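According to my numbering, the sequence shown is numbered sequentially starting from 28.
Backbone N, C-alpha and C define an ideal beta-carbon position, used for all residues, glycine too.
Predicted model only: the values in this text are computed from it and were never measured.
Quick notes on the structure that follows.
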Amino acid sequence: MAEKVDYTPMWQELGLNLEAHEGLLEVLGTFYNDIYLSQADRPKGMEYFDFVISEIHGLRIKELQDARKAGRKIFGTFCLYVPEELILAVDGICIGLCAGADVGMEEAEKLLPRNTCALIKSFFGFTMSGLCPYVASADLVIGETTCDGKTKAYELFGELKDTFVIEVPHMKTSMGRALWRSELERLAGKLEEIAGVRMSTVKLAAAVRTVNAKRAALHRLNALRAATPTPISGRDALLINQISFYDDPVRFTESVNALCDELDERVAAGAGVGPVDAPRVLVSGCPMAIPNWKVPFVIEKNGAVIVGEESCVGERGTRNLVAESGRDVDEIIDSIAARYFDIDCACFTPNDERLEHIVEMARAYGADGVIHYALQFCGPYTIEAKRVEAALKDAGVPLLKLETDYSMEDMAQLETRVQAFLEVLVGVGAPK
Ligand code: SF4
Ligand code: SF4
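Right, dumping it as structure tokens:
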């Protein structure tokens, strides 16, 4: 057995609050045991992802520190609209900083109004309480003007950490497209300045191939979930999507493909998780940042299987690839801009593509129903839920709308509502 490494000196050097951090890791370990390791019939390929989680504040942070010593820069992001390709093209490392735990909320509320969504409060809470080694490792944080909450929060976050904000337009017009393209140019310039590396055609094309390969592997994983029984639990699939924001992209892609080879065999053998007649659920809505596993746990603990995530930590983030035809840096950035502008986040208006996509996904994955997940105080997703409801009604797909936060206080209530919904799905049968 490998000897346990003591990362305390590294955490100390990063300025973490050691006592609180130890408490956090302990709670997370218990949580992970209960929600993940207790699952039956997990694929063997999940061992890699379990290992990544066990080392999420250890080995991965050590890798980041080693990379920094070797001259590479770390860029922290909070949103799908920040292209990882541009970061890789300056030899940078891209790390997702969204936080999914009810941690440091009191600290966060010293700066933010109480009625701010949990995701924003959580990344402030982690940072202000000295609990996030990723924020501490970042040379620059890149924010974006998506929802109002994040747009304004970055002004305050910039006082805690160097933050560079790019403008994401809110309408998919030709003017919006032109603005978006010019913002990526501005971001590319900033990345080059911080990294001290000039973006070349060769580097940028290689970065596009790396990120495309990662998305293709996640697609392959998602497609396999259409099988009955589904070969992997929704919790595990979500975890893999969450890890995609932290892990080394090449190693991650290899591990997802290895897992998919195993899942191919499961599907061929008719093996999977849960019984063949388990209700199949598509989850749609706000991103679930690590370790936000509350709703998926409630759904699967009550006998359903989650067969897809229409979410940024899910198919919204991996759906389209960047065209690999660009012949120089400008053309490749054009292709990157085009691919990212198609993301159907609720911060855009109108956002009909998302409505179509939810129905399309429900059909493709054989979902019996959709659970719409929104964080409390998230304007874009709670308001758009009304249109989602209408679109699913037209398509004849049952829907349950949940609004929650990161606390555990509403677990019993969530459970009751999910159980009632699953009973409806079992009774109605699947409109596939
Ligand atoms: S929901 Fe919208 S704002 Fe939030 S991470 Fe996704 S794309 Fe970005
Ligand atoms: S969950 Fe909603 S309010 Fe919170 S950061 Fe995302 S889009 Fe903004």
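| task | Report whether the distance from the Cβ of Ile147 to the nearest heavy atom of ligand 2 is below 6 Å. | result | yes
| request: Return yes when the Cβ of Pro318 is within less than 7 Å of the Cβ of Gly127, no when it is not. | output: yes
| Going by DSSP, which residues form a beta bridge with Ser352? | In DSSP, Ser352 forms no bridge with anything.
| field | Backbone CA spacing between Thr215 and Cys405 [nearest angstrom] | value | Per the sequence presented here, residue 215 reads as Ala, with Thr not at that position. Going by the C-alpha atoms only, they are around 30 Å apart.
| query | Using the beta-carbon count (16 or more within 10 Å), is Ser352 buried or exposed? | reply | exposed
| message | For a test of the three-state rule: what should DSSP assign to Tyr59, helix, strand or coil? | response | helix
| Close beta carbons around Asn44, own chain, < 7 Å, minus the five adjacent residues each side | Ser156, Gly157, Leu158
| query | With respect to the alpha helix (DSSP H) encompassing Lys217, which residues constitute its N-terminal and C-terminal limits? | reply | 201-222 is the extent of the alpha helix (DSSP H) around Lys217.
| field | Beta-carbon proximity check, Val294 vs Ala254, cutoff 7 Å | value | yes
| request: Would you identify the three-state DSSP class for Thr257, choosing helix, strand or coil? | output: Here Thr257 sits in coil by DSSP.
| task | Over the uninterrupted beta strand (DSSP E) stretch that includes Glu337, give me the two end residues. | result | 332-337
| said: Please tell me whether, using a cut-off of 6 Å, the distance from the CB of Thr345 to the nearest non-hydrogen atom of ligand 1 is below it. | reply: no
| request: Assess, as a yes-or-no matter, whether the stretch 371-391 is touched by the stretch 410-430 under the definition of 3 or more beta carbon pairs within less than 8 Å. | output: yes
| Phe102 lies in the beta strand (DSSP E); which residues open and close that run? | 101-104
| query | From Ala365, Phe78, Ile83, Asn60, pick the residue whose C-alpha is nearest to that of His48; which is it? | reply | Ile83
| message | Do Ala331 and Val308 count as a contact pair if the criterion is CB distance below 7 Å? | response | yes
| message | Here's the rule: buried if 16 or more other CB atoms are within 10 angstroms of the residue's CB, otherwise exposed. What is Gln1? | response | Only positions 28 to 459 of the chain appear in the structure, and residue 1 is not among them; the question remains open.
| Grouping DSSP H, G and I as helix and E and B as strand, with all else coil, what is Ile120? | Reduced to three states, the DSSP call for Ile120 is strand.
| Every unbroken alpha helix (DSSP H) within the stretch 256-327, with a cutoff of 4 residues, ordered by chain | DSSP runs (the alpha helix (DSSP H)) wholly in the stretch 256-327: 261-270, 276-296.
| message | Between which two residues does the alpha helix (DSSP H) holding Leu245 run? | response | 228-251
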